[in-house]
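Inspection log for the structure reproduced underneath, given as structure tokens.
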Amino acid sequence: PVRSAGTARSYALTGGLEAELGADWKLSSYLAYAAQRDRNRTDQLANEYLLAEALGSIADDPASAFSAQRDGYFNPYGDGNANSRALLQAISGYSDYESRSNILTADMVADGSLFSLPGGSVKLAVGANYRRERFHSQAVDFIFSPTPVAGRPADYSRSIWAGFAELAVPLFGPDNARTGLQQLDFSAAVRAERYDDFGSTANPKFSLRWVPVNGVAVRGTWGTSFRAPNLRELGAPETANLRIATNEAGNSVVVIQRSGGNTGLSPEKAKSWTVGLDLTPSSLAGLTASLTAFRTIFSGRISNVVQQNFSSALTDPIYAPFVRWVSPGTSADDLAFVEELLSRSGTSNPYPVESIAAVVDARYVNTGRVDVAGGDFDINYVFERGSNRFNIGVGATYLERWREQVTPDSPAVDRRNVAGRPVDLKGRMTIGWARGPFDTQIALNHVDAYRDEAGKRIKAWNTVDFRIAYKSKASTGIASGFTLSLTAQNLFDKAPPFYDSTAGAGYDGANADATGRFIALEIARRW
Numbered sequence: 018p019v020r021s022a023g024t025a026r027s028y029a030l031t032g033g034l035e036a037e038l039g040a041d042w043k044l045s046s047y048l049a050y051a052a053q054r055d056r057n058r059t060d061q062l063a064n065e066y067l068l069a070e071a072l073g074s075i076a077d078d079p080a081s082a083f084s085a086q087r088d089g090y091f092n093p094y095g096d097g098n099a100n101s102r103a104l105l106q107a108i109s110g111y112s113d114y115e116s117r118s119n120i121l122t123a124d125m126v127a128d129g130s131l132f133s134l135p136g137g138s139v140k141l142a143v144g145a146n147y148r149r150e151r152f153h154s155q156a157v158d159f160i161f162s163p164t165p166v167a168g169r170p171a172d173y174s175r176s177i178w179a180g181f182a183e184l185a186v187p188l189f190g191p192d193n194a195r196t197g198l199q200q201l202d203f204s205a206a207v208r209a210e211r212y213d214d215f216g217s218t219a220n221p222k223f224s225l226r227w228v229p230v231n232g233v234a235v236r237g238t239w240g241t242s243f244r245a246p247n248l249r250e251l252g253a254p255e256t257a258n259l260r261i262a263t264n265e266a267g268n269s270v271v272v273i274q275r276s277g278g279n280t281g282l283s284p285e286k287a288k289s290w291t292v293g294l295d296l297t298p299s300s301l302a303g304l305t306a307s308l309t310a311f312r313t314i315f316s317g318r319i320s321n322v323v324q325q326n327f328s329s330a331l332t333d334p335i336y337a338p339f340v341r342w343v344s345p346g347t348s349a350d351d352l353a354f355v356e357e358l359l360s361r362s363g364t365s366n367p368y369p370v371e372s373i374a375a376v377v378d379a380r381y382v383n384t385g386r387v388d389v390a391g392g393d394f395d396i397n398y399v400f401e402r403g404s405n406r407f408n409i410g411v412g413a414t415y416l417e418r419w420r421e422q423v424t425p426d427s428p429a430v431d432r433r434n435v436a437g438r439p440v441d442l443k444g445r446m447t448i449g450w451a452r453g454p455f456d457t458q459i460a461l462n463h464v465d466a467y468r469d470e471a472g473k474r475i476k477a478w479n480t481v482d483f484r485i486a487y488k489s490k491a492s493t494g495i496a497s498g499f500t501l502s503l504t505a506q507n508l509f510d511k512a513p514p515f516y517d518s519t520a521g522a523g524y525d526g527a528n529a530d531a532t533g534r535f536i537a538l539e540i541a542r543r544w
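Here it is as structure tokens:
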């Protein structure tokens, strides 16, 4: 059986400084450094080059780990017992990947009041940020070649400088409230960033909060955002692997799959708005409710969409921009292109080069756009009975749309309720009880049913979380500041619903977690 193992080590160091600048102004700064090292190795993979030798499809290569005279030929028929363990070991390969990343961050923020208006004090926050990021990776593959091949190491770094400011203006407040205008607050913010590998960007955000009567608040926001590709998306080593794919005629053909990072990526951008309503009725103390509608439109989104849907790469027309059909047997340009890709990645070719029919770009790319819209609601009620304090909460998110446009010219397709994409409904209900130093809470989580790519139903997933805590009420002595808590996630160890994933995981990682029951005990003391 295939064996996979992974290790991860990380650490972080942080430090901060705060200073009073006079009046109500203060300065805050911090410095942080974090590093992580990951290694993943998968053994007992079928080496396609050695397997081709063992099937007699290509000549016996004396430089490879397989020898037909010593190990015999592979029998693909029956239940596998016809093949000896020595033969299976001789055609086995592995993949070994290691990466190291680190980030240094320095941040400084000053905030305070500028002047007063009838509605309150106008406040300003200004700051600056510096980040230094670095990513290094190295891979060794023994899957498509007679001997292990070390891929080209990736070593990528960049620096980012940023400046930001936010202005909060209270137009109406307690001192100038009037009918229909108990409170009206406006704020504007902007953040500018400069990347030494992308250039500059500036993104604003505006928000408004209006309280017509006590206990009712209407709010809204509008803004733009920007995400540069991370170093892994840019600098992960590019590979060119040979695979078998099905074309539109239903025939199996040999293709080159390009995977890894892409230094040609451009930033991902988005525009978003929200409108919300908050209720805290005075007639029912302890009740709070909120309702929010939202919409975000991503453009130039960074994704490896072809790799996620590789089985459809040659048959679905929306992936046509990422497929280059080639004919190395008749075109000198195609032959040079194919040979350059294979030599650059160090990939051995067990097939005649003339048999390669296409090159599929499954790297990270800037795709079309994603249009997401929906709503959130949250209701909480807290009440007391004698020495007991209870709380009940219900929250849910409903997606009205998740329309993906893979390329600017492709149609927008609603991808809600499809494996690998968000479901339209997720919810959580909580019930809590507290008395004296004890506090307990139980929560029910719900992920609605949806379907896989073939239309087969994936069941809903319901899990239960539980928490019980003890917080000492002592003000002096060793027990003061003492807290003990026991938390269980997925208390009844409910397995995620089965999904026949092409990755072989057996579940959908986008909407479920295979961790199972997770129990944590925390002991803390503050002084």
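Here my numbering is used: the first residue of the sequence shown is 18, the next is one more, and so on. All residues carry an ideal CB built from backbone N, CA and C; glycine is no exception.
Sixteen is the threshold: since fewer than 16 other Cβ atoms of the shown chains lie within 10 Å of the Cβ of Glu-357, the residue is exposed. The C-beta distance from Asn-479 to Leu-461 rounds to 7 Å, short enough to meet the 8 Å contact threshold.
Take Ala-22, set aside five residues on each side of it, and the residues of its chain with a beta-carbon closer than 6 Å to its own are Arg-58, in chain order. The C-beta distance from Gln-199 to Val-230 rounds to 6 Å, short enough to meet the 8 Å contact threshold. In this structure, Gly-237 lies near Val-292, with their beta-carbon atoms less than 8 Å apart.
CA-to-CA, the gap between Leu-121 and Ala-477 works out to about 42 Å. Looking only at Arg-260, Glu-285, Tyr-47 and Gly-523, the smallest Cα-Cα distance to Ala-127 is reached by Tyr-47. Out of Leu-501, Phe-455, Lys-222 and Ile-396, the CA that lies nearest to the CA of Ala-182 is found in Lys-222. The way I'd put it, the region 313–331 does touch the region 377–390; three or more beta-carbon pairs between them come closer than 8 Å.
Taken atom to atom, the span from the alpha-carbon of Asp-441 to that of Lys-490 is near 44 Å.
If you draw a straight line from the Cα of Leu-67 to the Cα of Asn-92, it comes to about 14 Å.
Around Gly-437, the same chain offers Gln-325, Asp-525 and Ala-527 as residues with beta carbons nearer than 7 Å, after the five sequence neighbours per side are excluded. Classified as exposed, Thr-280 has fewer than 16 neighbouring CB atoms from the shown chains inside 10 Å of its CB.
A Cβ-Cβ distance of about 5 Å is found for the pair Glu-265 and Thr-332, placing them in contact under the 8 Å criterion. For the 8 Å CB-CB criterion, Pro-254 and Ser-360 do not form a contact.
Straight across, the Cα-Cα distance linking Arg-26 with Val-157 is about 20 Å.
Note on the region 224–285: whole alpha helix (DSSP H) runs with a minimum of 4 residues are 248–252, in chain order. Residue pairing of Asn-57 in beta bridges, as defined by DSSP: Gly-23 and Tyr-114.
Per DSSP, the continuous alpha helix (DSSP H) segment holding Phe-354 begins and ends at 349–362. Proximity to Asp-113 across Val-166, Ile-319 and Thr-263 peaks at Val-166, based on C-alpha coordinates. Exposure of Asn-405 is indicated by the presence of fewer than 16 other C-beta atoms within 10 angstroms of its C-beta.
Distances from the alpha-carbon of Val-272 to those of Trp-239, Phe-339, Gly-278 and Ala-219 put Phe-339 closest. Assignment of Gln-324 by DSSP, reduced to helix, strand and coil, places it in the helix class.
Judged by DSSP secondary structure, Ala-69 falls outside any beta strand (DSSP E) and instead within the alpha helix (DSSP H) spanning 65–71. For the 8 Å CB-CB criterion, Ala-374 and Arg-418 do not form a contact. In this structure, the straight-line span from the alpha carbon of Asn-146 to that of Ala-49 is close to 11 Å. Cβ atoms of Glu-70 and Phe-83 come within 8 Å of each other, at about 5 Å. Per DSSP, Leu-104 is one residue of the alpha helix (DSSP H) stretching across 102–107. Pairing Asn-397 with Lys-443, the inter-Cα distance amounts to about 17 Å.
Taking 8 Å as the upper bound for CB-CB distance, Ser-307 and Asp-395 are in contact here, some 5 Å apart.
Spatial neighbours of Phe-509 in its own chain (CB-CB distance under 8 Å, excluding positions within 5 residues in sequence) are listed in chain order as Thr-480, Val-481 and Arg-534.
Its Cα nearest to that of Gly-180, the residue Thr-218 stands out among Thr-218, Ile-448 and Ser-502.
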